[in-house]
Ligand SMILES: Cc1cc2nc3c(=O)[nH]c(=O)nc-3n(C[C@H](O)[C@H](O)[C@H](O)COP(=O)(O)OP(=O)(O)OC[C@H]3O[C@@H](n4cnc5c(N)ncnc54)[C@H](O)[C@@H]3O)c2cc1C
């Protein structure tokens, strides 16, 4: 009989897992508590055009320099021709009341060249023991100075994690640099070695014309059994497999499966694992963000793709994307589309504001940052809130994930996937989903 696998969570990781399980001939049921699949990939409309409410783009190349998992998934979903790339417009950083272009010759804002003012002392032992970890700040502050971290590294990391350089795991945020640090005695040597790894040619980022939801909708459409508006509340061992409790507490339903993929954030995953004897999730904090999208009447903006705002500058806004200058396919006559993001880990009080208040704050701060009296009245505006959305990996996160996976192997066909474990980026989440599917297939002896 065909074995059944339930994938809990229809974000990009769960979709990737379901796609692979289906491809291998299993009976796949995808369950998500939301009203649509995609999780943090969600395209809406603003002023009559598409706007990303969550993730906007993906890396084109994978760690080996070949096409990233996102490019491969888009290809498998028939969307290879829909992948488009940003314009050459560059990003800037707001420092001391002005917009400065992001310097080139850096890795995540860390200058490759040594700063004569901050000697990069050579240590007897390599910077990192094998498998060791520390925070990005711990590695970079003593060797490149606080200004580099506060002005460039932290805002760039903030753009991805809404997180702090002094808390984030080097191994998760900059895995190539962590690997190079195991062989290097200075940061300069480690950086050179990290950037010397196979570089791919061509554009660094891509997105899907028409929106990221086209990708998740296409993968979803190929799945035979997708159950939306269904929260999985409990997981128990049942015979040789699993029983999941789905739905409201007054009217629960049961779903039996030979295998399970949990592709949900860390907290719901931990809750589900806690009802299985001997299992526990990984502890992980998340940052919340709000995105404010504004469609302005055609407005002249600096010729940039957008800019980052270091926390040290004292604004609530941490980044702004000039959508139609960054993406040519989003350009529409008469409209200027931008999206600002607010919210940093540990400093979320700005997010308590009402939507109206948040829009007013963003308009005021953008005017100050752009050095104009006021922004024109928007034709349309919207606030997209992502509570507890961005994982804050602290050092040794990978070790905690490895331990969880070793424990899971002692149970019938069960695997975890997604940003809680293997990295926040879309390609990393897809790879994580595929690996979870492979682990479950192995557990089922398929
Ligand atoms: C605002 C924002 C912008 C981003 N921008 C980018 C970007 O430009 N590029 C990039 O690469 N990455 C970006 N990211 C990160 C990336 O989007 C995410 O890390 C990734 O999409 C996470 O995918 P996932 O499948 O692991 O989890 P999720 O997308 O969180 O999916 C989990 C799913 O599980 C469901 N679920 C939860 N609990 C249950 C339950 N008990 N029962 C049933 N279903 C449940 C949820 O409804 C959800 O659909 C961004 C993230 C955010 C928040």
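Residue numbers (this note's numbering): 117 to 562. In this text, a Cβ means the ideal position worked out from N, Cα and C, and glycines have one as well.
message = Taking 7 Å as the limit between beta carbons, can you name the residues of its chain near residue 328, skipping five residues before and five after?
response = 157, 159, 168, 171
message = Is the beta carbon of residue 414 closer than 8 Å to that of residue 453?
response = no
query = What separation, rounded to the nearest whole angstrom, lies between the Cα atoms of residue 290 and residue 366?
reply = 46 Å
ask   = With respect to 7 Å, is the separation between the Cβ of residue 433 and the closest non-hydrogen atom of ligand 1 below this value?
value = no
key: For residue 463, the residue or residues it bridges with in DSSP   = 460
key: Cβ separation of residue 408 and residue 456, assumed to be a contact under 8 Å, to the nearest whole Å   = 5 Å
request  = Pick helix, strand or coil for residue 268, following the three-state DSSP scheme.
outcome  = helix
Spatially closest choice to residue 441 from 370, 245, 375, 203, by CA coordinates = 203
Residue 124 in three-state terms, based on DSSP = strand
ask   = Is there a Cβ from chain B that is less than 8 Å from the Cβ of residue 446?
value = No chain B appears in the structure shown, which is made up of a single protein chain.
ask   = Quick one: is the Cβ of residue 438 within less than 7 Å of any heavy atom of ligand 1?
value = no
inquiry  = So, under 8 Å CB-CB, residue 277 and residue 209 are touching, yes? Tell me the CB distance rounded to an integer number of Å.
reply    = Not really, about 17 Å apart at Cβ, beyond 8 Å.
Alpha carbon of residue 515 to alpha carbon of residue 416, nearest angstrom = 49 Å
ask   = Alpha carbon to alpha carbon, how far is residue 479 from residue 491?
value = 6 Å
ask   = Going along the chain, which unbroken runs of the beta strand (DSSP E) with 3 or more residues stay wholly within the region 210 to 279?
value = 214 to 217
ask   = When every heavy atom of ligand 1 is checked, does at least one fall within less than 7 Å of the C-beta of residue 391?
value = no
C-alpha distance - residue 195 paired with residue 445, whole-angstrom precision = 16 Å
request  = Tell me, please, which residues DSSP counts as bridged to residue 354.
outcome  = 357
ask   = If you follow the beta strand (DSSP E) that residue 384 is part of, which residue opens it and which one closes it?
value = Here residue 384 belongs to no beta strand (DSSP E); instead the alpha helix (DSSP H) covers 382 to 390.
message = Going by C-alpha to C-alpha distance, which of 211, 546, 560 sits closest to residue 175?
response = 546
Test item: CB-CB of residue 536 and residue 556 under 8 Å = no
task = Would you mind reading off the limits of the beta strand (DSSP E) that contains residue 372?
result = 369 to 373
task = Determine the direct distance from the alpha carbon of residue 450 to that of residue 496, and round the result to whole angstroms.
result = 13 Å
ask   = Would the C-beta of residue 464 count as close to ligand 1, meaning under 7 Å from any of its heavy atoms?
value = no
ask   = Which residue from 303, 190, 430 puts its Cα closest to that of residue 237?
value = 303
ask   = Which word fits residue 197, buried or exposed, when buried means at least 16 other C-beta atoms lie within 10 angstroms of its C-beta?
value = exposed
inquiry  = Please classify residue 354 as buried or exposed, where buried requires at least 16 neighbouring CB atoms within 10 angstroms.
reply    = exposed
ask   = In terms of residues, what are the limits of the beta strand (DSSP E) holding residue 143?
value = 143 to 147
task = Taking only the alpha-carbon atoms, compute the straight-line gap between residue 498 and residue 357 and give it to the nearest angstrom.
result = 45 Å
request  = Report buried or exposed for residue 364, applying the criterion of at least 16 other Cβ atoms within 10 angstroms of its Cβ.
outcome  = exposed
task = Rank 217, 464, 494, 428 by C-alpha distance to the C-alpha of residue 421 and give the top, closest one.
result = 217
ask   = Whose C-beta lies closer than 6 Å to the C-beta of residue 298 among residues of the same chain, with five residues either side of it excluded?
value = 242, 244, 246
request  = Could you pull the start and end residues of the beta strand (DSSP E) that residue 509 belongs to?
outcome  = Where residue 509 is concerned, there is no enclosing beta strand (DSSP E), given that its DSSP letter is neither H nor E.
query = Any heavy atom of ligand 1 within a distance shorter than 7 Å of the CB on residue 189?
reply = no
ask   = Relative to the alpha-carbon of residue 500, which residue among 348, 121, 406, 248 has its alpha-carbon at the smallest distance?
value = 406
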